Each structure stands twice: as structure tokens, then as C-alpha cells.
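A.B. asks: When you read off a place in the sequence shown, starting at 1, and then add 1397, the result is the number in my numbering. For every residue, glycine included, the Cβ atom is placed at its ideal position computed from N, Cα and C. In this text the structure is predicted, and so the values were computed from the model without any measurement. Sharing a structure with you now.
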Amino acid sequence: MSAEIRVGKVSSIDYPSGMVRVTYPDMDDDVTRLIPLFSSEYAMPPVGALVAVVHLSNGAEAGVVLGRPWSAKLTPPEGFEGLYRKDFDLTPGKCFFRYDAAGPESFFHNEGDSAVEIQGSQDTRIKGDRTAAIDGSADTTVKGDCSKTVQGSQTTAIRGDATITVSGKLTLQVGGCTVQIDGSSVSVTAASAVSLNAPTLKLEGTTVQISGATVNITGGAGDCAIMGKSLVNHTHTCAAPGSPTTPPL
């Protein structure tokens, strides 16, 4: 069985079936019947595109379209040894994947939106560095558990406000120190010491308890008033010298 290769132009396209009709200007504009593209990928050429066609010997209209050959009007967007490039749009550069064997380096570019849907699991392993730059907003939803391990140091810089909402319990563990926030209570436990330092410290509550083997309160000025009685400015009276005094007045 012999075959003939011809070059013609796409005259019409049947998009659902992935087939085209090809016309041959050098053969009085003869038009083939619908013939398929010789490809496992769906990428239909536009009407008027120059295509190479293999016609079988059992009929002038029976054949397959091999694809679009490079020509003076259709030139590669780039080209050098070791380059693989796949453009997904008829306009080169709008959406494409390229691989440079000299790097080796791969690159994907898309001027529109992109979405990835994975029905199963995903495993991403990066042995080098990773950089992510997002000019807009970012939203991540994890319906199950989430675990993150950082072997080295981590720095987080937030230029605006930050809000963390935890429906359950929040525990921060740093060495021998633990901060636990559970419902309506906050617990701070330190193996050595807890230090609070500010120009003004204010403790307020229905009940305030301070206990310890040793309690030291030092101040250059100030006062302590319990039940309206001043620790600094209260007085006592006594009936006679050496007799018991009254409670603070």
C-alpha cells in the first residue's frame, strides 16, 4: 500500500470529532472529506492553517493530518539545541511549557487562570530552595489535620494586621515553657522565670491571687488599698501604751 503526502490549508473544522477538511489550492481547490488529526492530543489548527496530510492509496479523500509544518509564516517562538517547548494556545507565549536540557530547567507560563485537581494524594519533594511570590491574596483550606515541620529557623513578617482563630485549644511549647489557651482560661508555665516589663502594668480581675514561698513587691512610690484601707496611709489606735492596737482605720 502506497501513500501520498500533500500540503494544503484547513478549510473547515468539526471540533467535537477532532476532524478537519483540507483544501488544496494547487489542485483546483479540491476539498477533502472530514479527516482526523494524527495525534493523541486535542489541539485543533485554525481555519487557513497550512497542514501536511498523508493520503492513503485507497482513496484521494482518505487520510490523516500530520500537523502544521514550520514555514515562513509560522516560525518557532524560540529554538536552540536541547529545547522542548509546547504552546497550548494558537498564539505563542500565552500559555506554554518549556524545558531546557542545558540547565536542566523547566518552566510553565500561563497568562490566564490555572487550576489543579487531584482526586488522590499529592507528594511534592523539593531538594533545593523554594520561593513563592503572590501579588494578590492567598486562601488555604485544610479539611483534615495539618502538620508542618521546620528543621531550621523560621521567620514570619506580617506588614498588616493578623488574626488567629482557634475553636479548640491552643498550646505553644518553647523549650521548658508552655502557653496554653483553652476556652476561657490562659495558662503560662515556665521552667525558670516569667518576666513582664512595661512602663505600665495593669492586672484586673474579680479575684487576683499572688502566692509564693517568697513574695517581694518593691516600688519607689505608690500604695496598696484593700477594702478601702491604705497600706501606706492607714492608722491604728490603742487604749494605752503597750496595749493591742485596733485594726487599720
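Bridge partners of M1416, per DSSP?
C.D. replies: Answer is D1411 and P1433.
A.B. asks: Rounded to whole angstroms, what is the Cα-Cα separation between Y1517 and S1437?
C.D. replies: The question names Tyr, but residue 1517 in the sequence shown is Gly. Rounded to the nearest angstrom, the two C-alpha atoms are 25 Å apart.
A.B. asks: Give the range of the beta strand (DSSP E) segment to which S1575 is assigned.
C.D. replies: What sits at residue 1575 in the sequence shown is Thr, not Ser. Where T1575 is concerned, the enclosing beta strand (DSSP E) stretches over C1574 to D1579.
A.B. asks: Quick one: what does DSSP say D1510 is sitting in, helix, strand or coil?
C.D. replies: Looking at D1510 - three-state DSSP - the assignment turns out to be coil, as it is neither helix nor strand.
A.B. asks: Report the residue ranges of all beta strand (DSSP E) runs contained in full by the stretch 1498 to 1575; include only those spanning at least 3 residues, in chain order.
C.D. replies: Segments of the beta strand (DSSP E) lying fully in the stretch 1498 to 1575: 1502 to 1507 and 1566 to 1571.
A.B. asks: Could you tell me whether the stretch 1403 to 1422 touches the stretch 1433 to 1449, using the rule of 3 or more Cβ pairs below 8 Å?
C.D. replies: Short answer: they touch.
A.B. asks: Buried or exposed for T1562, please, with buried defined as at least 16 other CB atoms from any protein chain shown within 10 angstroms of its CB.
C.D. replies: By the 10 Å Cβ count, T1562 comes out exposed.
A.B. asks: Using the three-state DSSP reduction, which class does D1423 fall into: helix, strand or coil?
C.D. replies: Helix at D1423.
A.B. asks: Taking the alpha-carbon positions, what's the D1427 to A1440 distance?
C.D. replies: Cα-Cα distance, rounded: 24 Å.
A.B. asks: Considering only their Cβ atoms, is the gap separating C1635 from P1641 smaller than 8 Å?
C.D. replies: Yes; because the gap between Cβ atoms is below 8 Å, this pair is in contact.
A.B. asks: Going by DSSP, name the residue or residues bridged to L1480.
C.D. replies: Answer by DSSP bridge pairing, in chain order: D1497.
A.B. asks: Could you say which of G1616, P1638, G1617 and L1646 lies nearest to N1630 if we only look at CA atoms?
C.D. replies: Ranking G1616, P1638, G1617 and L1646 by Cα distance to N1630 puts L1646 first.
A.B. asks: Buried or exposed: which applies to H1633, given that a residue is buried once 16 or more other Cβ atoms fall within 10 Å of its Cβ?
C.D. replies: Burial call: exposed.
A.B. asks: From the DSSP output, in three-state form, read off R1403 for me.
C.D. replies: Here R1403 sits in strand by DSSP.
A.B. asks: Since I1432 contacts V1419 with CB under 8 Å, what's their CB separation in whole angstroms?
C.D. replies: So it is a contact: roughly 7 Å between Cβ atoms.
A.B. asks: Give the secondary structure of C1621 by DSSP, where H, G and I count as helix, E and B as strand, and everything else as coil.
C.D. replies: Three-state DSSP puts C1621 in coil, outside helix and strand.
A.B. asks: Can you tell me whether DSSP reads T1611 as helix, strand or coil?
C.D. replies: Of the three classes helix, strand and coil, the one that applies to T1611 here is coil, per DSSP.
A.B. asks: Quickly, what does DSSP pair T1642 with across the bridge? List them, please.
C.D. replies: Its beta-bridge partners are C1635.
A.B. asks: Check this for me: beta carbons of G1460 and T1488, under 8 Å apart or not?
C.D. replies: Their beta carbons are not under 8 Å apart, which means G1460 does not touch T1488 by this criterion.
A.B. asks: Determine the burial state of V1539: buried for a count of at least 16 other Cβ atoms within 10 Å of its Cβ, exposed for fewer.
C.D. replies: The residue in question, V1539, is exposed, as its Cβ has fewer than 16 Cβ neighbours within 10 Å.
A.B. asks: Does DSSP classify A1469 as helix, strand or coil?
C.D. replies: Coil, per DSSP.
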